[in-house]
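Let me begin by presenting the structure, written as structure tokens, before commenting on it.
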Ligand SMILES: Nc1ncnc2c1ncn2[C@@H]1O[C@H](COP(=O)(O)OP(=O)(O)OP(=O)(O)O)[C@@H](O)[C@H]1O
Ligand SMILES: [Mg+2]
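Chains as they are written, first to last, in our numbering: chain A, 1 to 356; chain B, 1001 to 1252.
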């Protein structure tokens, strides 16, 4: 049986990611990559994970989420907390970081599930409003939260680190607005790209399965899906929790790539959630590969436009508009099809077989 | 015991009594027609039977089981499937996937088996594909299986809705104006197909239709609805010659 068209397209995306990874590694080894670019490799991966995972909610489930950065925040802090407390307990970096990733993903997914259970049973755009509020609240709560640990266990406070009443062997891990310092820097480019590929595979496999079809059926026509005997709320919550959990994974990469983790409007605020949404919309709603491309271009662009200083955001806006037109304008779509690689390199693209 | 037994069904929208004291009995394997002028309440009856609306009065029994007030999803699981007057396909999904959504509760494997591509995924998907193709062949849609549902011509979209509904393996199939927008040739073919599926899939059918030729051609019994209430009920010949029915259709 011939490989299905969608499977083929997914394999191509993964192949492209692996090729990019190899090229980057060669550039690093030969010393031809700038420090700026080296520093951007892991961020590019976690922004891509954010965009792909948000696309599950927006493009596949068809619900609007305005607080995706909030789930990233949960994943970042939960995993950072874990890694910092366990750094002396679990010596093996691989095991500790793997556990940190799982903890980041599960805690973000848990919050996604709680929000989903509360909101997704309702019809209408409540999810947008609630996720917007969630993103802001979680950031503010972390900024007043102090958590320490000593031999008696965990201590919580909402005032300051003194009121944690830690014993002399204890240590305050989360310090309110000063966040968590000294998380081990375990997020390498290799792990980041593996997690990006994993995220991509999880979502594409989900989409092309029984549950994925149920989720898309709900998006396309809720009443018809109900008439087919599909439990609407359950599948909405499932999709949203997976989307949140994967944002948590992005958060793990984020927090294990910097030395001081704080929750500020810049990293986990509303603007970040909107920026991720822009990646999704420009890359094409429901188009996972497009999400990655948009995330990469729109993350690199402002960095490489720094020399333009004040004109930077102006150019950024112009590029946004140009991308939008390139993506959606019918003439551009036609042009893209006429000039697709398939026409220039037909030998690499076998004709689709008809029938089964 | 009847396949469907409806007693004293009624619902109001504000001041409008859209359906009032409607009672119908449909026997297993019957092909029943529901007709009536525009706005008579036919689609509303389908919405009541499938739990889209909850009735103010009345009892609905399917195969001896009371299903009044159940959710749309539960009613489908009990064995009622339907099509819609204003087509409601999963437009951005392929023809094949539309039917596979219909098969959702017939073939199961857990979500993680799909994500991890466990053997149960491959086994079940293969069985689902085979079943879906088998259903699509009945409607001559198997060639179009990979086309996006939205890109099908209108007549085929109507057929795909029936195919998808059959995927849920219903005892009772409700068809809301299946021939609407079809040309006479397509309508003739559809009549044959409806007869065929009744036998092949062993299903009882209740259909709403304006095309009198189709109704009198294939229905064994007819229920005429006017202003939400029963005007006549019985065999096509007697019903369609009933002066009240003629008056309701042609006006005074
Ligand atoms: N959700 C609703 N809210 C208010 N009124 C409604 C609603 N649904 C149906 N109605 C009204 O109930 C009446 C019956 O409508 P229905 O759609 O059942 O008619 P129908 O017999 O299917 O007509 P047609 O042949 O045009 O499809 C109409 O007057 C309609 O306006
Ligand atoms: Mg109607």
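Glycine included, every Cβ here is placed at the ideal spot set by N, Cα and C.
Just so we're clear, the structure is a prediction, and the values are computed from it rather than from any experiment.
Reference residue 141 of chain A; option with closest CA among A/177, A/223, A/91, A/127: The option with the nearest alpha carbon to residue 141 of chain A is A/177.
Contact list for the stretch 1095-1110 of chain B against chain A, Cβ threshold 9 Å: Going along the stretch 1095-1110 of chain B in chain order, one finds 1097, 1098, 1100, 1101, 1102, 1103, 1104, 1105, 1107, 1108, 1109, 1110 with a Cβ nearer than 9 Å to chain A.
N-terminal and C-terminal residue of the beta strand (DSSP E) that residue 1234 of chain B is part of: Element bounds for residue 1234 of chain B: 1229-1234.
The stretch 63-83 of chain A in contact with the stretch 131-139 of chain A per 3-pair CB rule at 8 Å: Yes, they touch.
Delimiting residues of the beta strand (DSSP E) encompassing residue 1063 of chain B: First-last for residue 1063 of chain B: undefined, no H or E at that position.
As assigned by DSSP and simplified to three states, the class of residue 1148 of chain B: The answer is strand: DSSP assigns residue 1148 of chain B an E or B state.
Coil, strand or helix - residue 146 of chain A by DSSP: In the structure shown, residue 146 of chain A sits in a strand (DSSP, three-state: E or B).
Given 8 Å, three or more beta-carbon pairs between the stretch 189-198 of chain A and the stretch 1054-1066 of chain B: No, they do not touch.
Straight-line gap, residue 246 of chain A to residue 222 of chain A (C-alpha atoms, nearest Å): Whole-angstrom Cα-Cα distance: 25 Å.
Cβ of residue 179 of chain A within 8 Å of any chain B Cβ: The C-beta of residue 179 of chain A comes no closer than 8 Å to any C-beta of chain B.
From A/74, A/29, A/228, A/129, residue whose alpha carbon lies closest to that of residue 104 of chain A: With distances taken between Cα atoms, residue 104 of chain A lies closest to A/74.
Straight-line Cα distance separating residue 1058 of chain B from residue 1113 of chain B: Spanning the two alpha carbons is a distance of roughly 43 Å.
Rounded separation between residue 220 of chain A and residue 19 of chain A - CA only: CA-to-CA, the gap between residue 220 of chain A and residue 19 of chain A works out to about 35 Å.
Reference residue 1201 of chain B, options B/1143, B/1216, B/1167, B/1184, closest by Cα: The shortest Cα separation from residue 1201 of chain B among B/1143, B/1216, B/1167, B/1184 belongs to B/1167.
For residue 1081 of chain B, the residue or residues it bridges with in DSSP: Bridge partners of residue 1081 of chain B: B/1173.
First and last residue of the uninterrupted beta strand (DSSP E) at residue 1020 of chain B: Run containing residue 1020 of chain B: 1016-1026, per the beta strand (DSSP E) assignment.
Coil, strand or helix - residue 1107 of chain B by DSSP: Note: residue 1107 of chain B maps to coil in three-state DSSP.
Residue 87 of chain A beta carbon less than 8 Å from that of residue 257 of chain A: Cβ atoms of residue 257 of chain A and residue 87 of chain A: not closer than 8 Å.
Proximity to residue 203 of chain A [Cα-Cα], best of B/1234, B/1177, B/1139, B/1111: Considering only B/1234, B/1177, B/1139, B/1111, the residue with the shortest C-alpha distance to residue 203 of chain A is B/1111.
Ligand 2 heavy atom lying under 7 Å from the CB of residue 1208 of chain B: At least one heavy atom of ligand 2 is found less than 7 Å from the C-beta of residue 1208 of chain B.
Heavy atom of ligand 1 within 7 Å of residue 1013 of chain B beta-carbon: It does: the Cβ of residue 1013 of chain B is within 7 Å (strictly closer) of some heavy atom of ligand 1.
Residue 298 of chain A to residue 146 of chain A span [Cα, whole Å]: In this model, residue 298 of chain A and residue 146 of chain A are separated by some 35 Å (Cα to Cα).
Reduced DSSP category for residue 171 of chain A - H, G, I as helix; E, B as strand; rest coil: In this structure, residue 171 of chain A counts as strand in the three-state DSSP scheme.
Pairwise C-alpha distance: residue 1178 of chain B and residue 1207 of chain B: Computed Cα separation, rounded: 8 Å.
Beta-bridge pairing of residue 287 of chain A - partner residues as DSSP gives them: Its beta-bridge partners do not exist; DSSP assigns none.
Beta-carbon proximity of residue 1024 of chain B to residue 1223 of chain B, cut-off 8 Å: Going by C-beta atoms, residue 1024 of chain B is nearer than 8 Å to residue 1223 of chain B.
Any non-hydrogen atom of ligand 4 closer than 7 Å to residue 1085 of chain B Cβ: As for ligand 4, it is missing from this structure, which binds only ligand 1 and ligand 2.
Whole-angstrom distance between residue 1145 of chain B and residue 350 of chain A, CA atom to CA atom: Residue confidence for residue 350 of chain A is low, a pLDDT of 47 falling below 50, so the modelled location carries little weight; the figure read from the coordinates is stated next. So the alpha carbons of these two residues sit roughly 21 Å apart.
Where residue 355 of chain A sits in the DSSP three-state scheme: Because the pLDDT at residue 355 of chain A is just 36, under 50, the model does not fix this residue reliably, and the value given afterwards should be weighed accordingly. Residue state for residue 355 of chain A is assigned as coil, using DSSP reduced to three classes.
Proximity test, Cβ basis, 8 Å: residue 1201 of chain B and chain A: For residue 1201 of chain B, the answer is no, since every Cβ of chain A falls outside 8 Å of its Cβ.
Buried or exposed by the 16-neighbour rule on C-beta atoms within 10 Å, applied to residue 313 of chain A: Exposed: under 16 other Cβ atoms inside 10 Å.
contact_flag[the stretch 1046-1058 of chain B, the stretch 1183-1191 of chain B] where n(CB pairs < 8 Å) is 3 or more: No, the stretch 1046-1058 of chain B is not in contact with the stretch 1183-1191 of chain B.
Three-state class that DSSP yields for residue 34 of chain A in the structure shown: Residue 34 of chain A falls in the coil class under three-state DSSP.
Residues sharing a beta bridge with residue 180 of chain A, DSSP: A/261.
Whether residue 168 of chain A touches residue 148 of chain A by CB criterion (8 Å): Result no, Cβ atoms of residue 168 of chain A and residue 148 of chain A do not sit closer than 8 Å.
Short-range partners of chain A found in the stretch 1105-1139 of chain B, where Cβ spacing is below 9 Å: Per Cβ criterion, the list reads 1105, 1107, 1108, 1109, 1110, 1111, 1113, 1114, 1115, 1116, 1117, 1121, 1124, 1125, 1128, 1129, 1133.
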